[in-house]
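Trainee: Take a look at this one; I'll ask things after.
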Amino acid sequence: MKKKIHRLFISDCAAIVTAMIALWAMIMFAMTSVRAIAPTQVVATLIFAAALLICLFATASLAAVFIHLKRNRESIYTEDILASTGQE
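Heads up, the sequence shown is in the numbering used here, so the first residue is 4 and it goes up one at a time.
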């Protein structure tokens, strides 16, 4: 059971890291495109600041999910395993 819990935790951590990398990559790609069409430097700076805030809040929320999973992994994954096998 402990090995299965550890495996599930690692796969969830991989999903969190993948989501974070994808988020930052998409925002950076969008920012390079927006910078090229922004009418003024002020507009480009405001859009960049908004994108940075989006990334920071999303990163903080993904970190909160990681911390929650790490602190409560036994109960969360035990419940998942039992529910998936029909042993509630």
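In this text, a Cβ means the ideal position worked out from N, Cα and C, and glycines have one as well.
On a predicted model such as this, the values are computed, not experimentally measured, just so you know.
Just curious, the alpha helix (DSSP H) that T88 is in, first and last residue?
Mentor: From DSSP, the alpha helix (DSSP H) with T88 extends over 76-88.
Trainee: Let me check understanding here. Comparing Cα to Cα, which of Q44, P42, M34 lies closest to L56?
Mentor: Minimum Cα distance to L56 is reached at M34.
Trainee: Pick helix, strand or coil for A41, following the three-state DSSP scheme.
Mentor: Of the three classes helix, strand and coil, the one that applies to A41 here is coil, per DSSP.
Trainee: For V68, which residues from the same chain have a beta carbon less than 7 angstroms from its beta carbon, with the 5 sequence-adjacent residues on both sides left out?
Mentor: Excluding positions up to five away in sequence, the list reads I19.
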